[in-house]
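Right, one structure below, let's go through it.
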Amino acid sequence: MKTSIKAEALVFDMDGTLLDSLYYWRNTDLYAAKAFNFEPNKNIKLSEQPGSFFERVKNYVNLHGFDHDLDTIKEELHRVAIEFYTTEVTPKHKAVNFLEHVLSQGKRIGIATATNGRVAKIALEHLGLLEYFEFVLSNDDIGVSKRHPDIYLLAAEKLGQSVENTIVFEDNPNCVRTAKNAGFRVAGINDRHFSEEENKMTADIADWTAWDYEYYIELFKA
């Protein structure tokens, strides 16, 4: 039997949670090749490169005969990301209905994303979603990744609510764990671009889990 969820503030991840956009992040090697116009060498794996996300991409690109600095890598990846978001991405099933539903209940909502803030705002604005949210926080604003709870804690603070009265919506099992360990209740969203094992991890850690927002519309009945 479903039980209604009570909370005054909701914090949403963007990619894979609110938007059906994980393809880009699961195929960054293809988009890096597109950005810098080269044919990928099958013997060079982006996943095997050291460092942070952009450092891995930098190493991957430069192993294909380039000598780009980190700023150039970021600029070009953001360019192709914006093209992707504005031509190929749609909201998750019933996500818009859910946002309208919880806003009609007077809940306060914000975005906490690992994606660059400027890119995220362009993506959300293109889909007509930016106006729904009080703010868009990105890892760039915080200075640490979502392996740390800082972005969720700041989001709850900006929404004027305690951790206990804030629910985090996330798809990535590592991020779900971060939010849970910080004391948040977590609404998990499964995604087709995650493996069965990863989706199961999300289901095991989160308080609730669903493939789309139809389930959550029912759970958030007044």
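Mapped onto our numbering, the consecutive letters of the sequence shown carry residue numbers 4 to 225.
Where a beta carbon is used, it is the ideal one built from N, C-alpha and C, also for glycine.
Chain B contact for residue i (CB, 8 angstroms cutoff)
i      : result
Ile154 : Here there is only one protein chain, and chain B is not present.
Reduced DSSP category for residue i - H, G, I as helix; E, B as strand; rest coil
i      : result
Ile8   : coil
Phe39  : helix
Asp194 : coil
Asp174 : coil
Asp23  : coil
Ala213 : strand
Asp74  : helix
Ser50  : helix
Asn184 : helix
Buried or exposed (CB count within 10 angstroms, at least 16 for buried), residue i
i      : result
Arg121 : exposed
Ser7   : exposed
Val147 : exposed
Phe69  : exposed
Pro53  : exposed
Thr93  : exposed
Asn142 : buried
C-alpha distance - residue i paired with residue j, whole-angstrom precision
i      : j      : result
Ile76  : Phe57  : 7 angstroms
Met4   : Leu222 : Only weak support is given to the placement of Met4: the predicted model assigns it a pLDDT of 42, under 50, and the value that follows is read from those uncertain coordinates. Computed Cα separation, rounded: 10 angstroms.
Lys48  : His104 : 43 angstroms
Lys183 : Pro176 : 10 angstroms
Met17  : Ala123 : 8 angstroms
Ala84  : Glu167 : 35 angstroms
Leu157 : Asn30  : 30 angstroms
Leu25  : Phe172 : 15 angstroms
Arg188 : Gly163 : 16 angstroms
Leu13  : Tyr155 : 10 angstroms
Bridge partner(s) assigned by DSSP for residue i
i      : result
Asp18  : Leu22
Leu13  : Ile112 and Ile170
Val189 : Val171
Residue i CB to nearest heavy atom of the ligand SAM below 7 angstroms
i     : result
His71 : The model depicted lacks the ligand SAM and carries no ligand whatsoever.
- Message: Runs of 3 residues minimum, wholly inside the segment 78-149: which ones carry the beta strand (DSSP E) assignment?
- Response: 111-116 and 139-141
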